[in-house]
Structure formats: C-alpha cells, structure tokens
Amino acid sequence: MSVTGVFKVAPYDAFVKTMTYIVSPILTIFAIVVAVASKVWIFPLMVFLFHIYPYFFSSVREYVIKADRLVINRPVGSFSLPYSQIIAAKVVNSVNIGYKVFANAGLFGYYGLFYSKDDNDRVRIYATNLKQLVQIKTGDGKKIYISPAEPEKFVEALKQYLNQHFQGGENP
Numbered sequence: 080m081s082v083t084g085v086f087k088v089a090p091y092d093a094f095v096k097t098m099t100y101i102v103s104p105i106l107t108i109f110a111i112v113v114a115v116a117s118k119v120w121i122f123p124l125m126v127f128l129f130h131i132y133p134y135f136f137s138s139v140r141e142y143v144i145k146a147d148r149l150v151i152n153r154p155v156g157s158f159s160l161p162y163s164q165i166i167a168a169k170v171v172n173s174v175n176i177g178y179k180v181f182a183n184a185g186l187f188g189y190y191g192l193f194y195s196k197d198d199n200d201r202v203r204i205y206a207t208n209l210k211q212l213v214q215i216k217t218g219d220g221k222k223i224y225i226s227p228a229e230p231e232k233f234v235e236a237l238k239q240y241l242n243q244h245f246q247g248g249e250n251p
C-alpha cells in the first residue's frame with residue numbers, strides 16, 4: 080500500500096490553543112505546588128496521566144490518502160477508512176458541537192464522538208480546528224469531520240481516489 084498524498088493538519092483554533100498552552104500548564108503548575116505543599120503526589124500524577132491520553136489520541140499528525148484508504152495518523156491509534164466505505168466528501172465552514180458524547184475537546188485538538196446540532200446526530204471528529212473542515216460520509220450513515228490545512232485540495236485528491244475505486248452508493 081503506497082502513500083499517494085500526505086496532508087498537514089490545520090493550525091490549532093483559539094480554543095485548542097487556550098486549553099493546550101494556557102490552561103493545561105497552569106493546571107500542571109498548580110498540581111505541582113499542591114504536591115510540594117502537601118507532600119501528596121497523587122494529584123500531579125493524575126494531571127500527568129490526563130495529559131498523556133489526549134496527547135496520544137487527540138493530536139492528529141496528518142491525513143494520508145493511500146491507494147486504497149484514507150488514514151488519520153496520530154501518535155497512537157491511527158484510524159483508517161477504506162474507500163469502499165466512503166460515499167461523499169465535502170468542505171464545510173464549521174460544525175456546531177452541542178455536547179461531547181465520548182470525546183476530548185480542546186487539549187491537543189478534538190477527538191471522538193460528539194453530538195452535532197448541524198447534523199442533529201452523533202458525529203466523529205479528528206481535528207485541530209473547527210473551521211474549514213472536511214465532512215466525510217460513510218455508507219452506514221456516519222459522518223466524520225477532519226481538519227486538513229488545505230481542505231479544498233484534500234477533497235479534490237480524495238475524490239480522485241474515490242472515483243478510481245468507486246464501488247457503488249452515492250457518487251461523491
């Protein structure tokens with residue numbers, strides 16, 4: 080399986096920047112101060128562990144269009160979607176998240192299952208920014224949102240491979 084297109088992720092949006100670069104360090108410093116003052120190290124250990132999970136699972140590194148599938152690369156647990164499951168892809172300006180179902184929102188990005196007010200349904204998000212997203216529809220009715228730095232070029236490249244490997248369903 081050869082790599083045919085690698086797309087960088089969009090820069091962090093304001094909320095992710097705030098959570099990652101301001102709130103997270105303040106919380107970590109507070110945990111260390113409490114630990115030093117009380118000589119109880121469980122709180123900073125818990126803060127550390129709560130930073131590890133989002134870093135490894137929420138921080139999307141890149142989106143890769145391979146010969147037969149789309150791959151969302153993360154430090155741990157990369158996600159792939161075969162072209163046979165994708166029925167459509169388009170650029171959308173934003174997604175209106177109502178609430179998190181099982182997700183991380185803010186620390187190192189957005190990852191997981193969210194309720195979308197726009198779609199009136201649960202959606203998966205693997206993104207660093209909630210503006211200028213790519214919405215991918217699958218054959219089983221699921222919607223996945225990703226945030227490549229150049230969404231139009233990404234959709235164009237993805238549609239090219241979808242058309243080459245198209246196996247039925249709605250034409251993207």
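Numbering (the working numbering), first residue to last: 80 to 251. All C-beta atoms, glycine included, are put in the ideal place defined by N, C-alpha and C. Keep in mind that this is a model prediction, so the values were computed, not measured.
Residues near residue i in its chain [Cβ-Cβ closer than 8 Å; skip 5 each side]
i: HIS130; result: SER103, THR107 and LEU186
i: ARG140; result: VAL88, ASN152, ARG153 and PRO154
i: GLY247; result: Bear in mind that the predicted position of GLY247 carries a pLDDT of just 42, short of 50, making it unreliable; the figure below should be weighed with that in mind. Result list for GLY247: empty, nothing under 8 Å.
i: VAL126; result: LEU106, THR107 and ALA110
Residues near residue i by beta carbon distance below 6 Å, same chain, minus five either side
i: ASN250; result: For ASN250, the pLDDT reaches just 44, beneath the cut-off of 50, and the residue's location in the model is therefore unreliable, leaving the point undetermined.
i: PRO230; result: VAL170, GLN211 and VAL213
i: ALA236; result: GLY84 and ILE144
i: TYR91; result: THR207
i: PRO123; result: ALA110, ILE111 and ALA114
i: PHE135; result: PRO154 and VAL155
i: MET98; result: GLY185 and LEU186
Near the ligand NAD: residue i beta-carbon under 6 Å from a heavy atom
i: GLY191; result: Of the ligands one can find in the structure shown there are none, so the ligand NAD has no counterpart to examine.
Test item: CB-CB of residue i and residue j under 7 Å
i: TYR189; j: GLY177; result: no
i: VAL150; j: SER159; result: yes
i: PRO133; j: ASN183; result: yes
i: ASP197; j: VAL234; result: no
i: ARG203; j: ILE225; result: no
i: ILE215; j: ALA168; result: yes
i: ILE165; j: LEU241; result: yes
i: PHE94; j: TYR142; result: no
DSSP beta-bridge partners of residue i
i: LEU160; result: LEU149
i: ASN175; result: ASN175 is not bridged to any residue.
i: GLN214; result: LYS169 and TYR224
i: GLU141; result: LYS87 and ASN152
Proximity to residue i [Cα-Cα], best of the options
i: THR217; options: ASN172, ARG148, VAL95 and PHE127; result: ARG148
i: ASN199; options: LEU209, TYR205 and GLY220; result: GLY220
i: SER157; options: ILE105, TYR205, ILE101 and LYS96; result: TYR205
i: LEU209; options: LYS232, ASN172 and SER117; result: ASN172
Cut-off 7 Å between Cβ atoms - residues of its own chain near residue i, not counting five sequence neighbours on either side
i: LEU192; result: VAL180, PHE181, ALA182, ARG201 and ARG203
i: PRO161; result: ASP147 and ARG148
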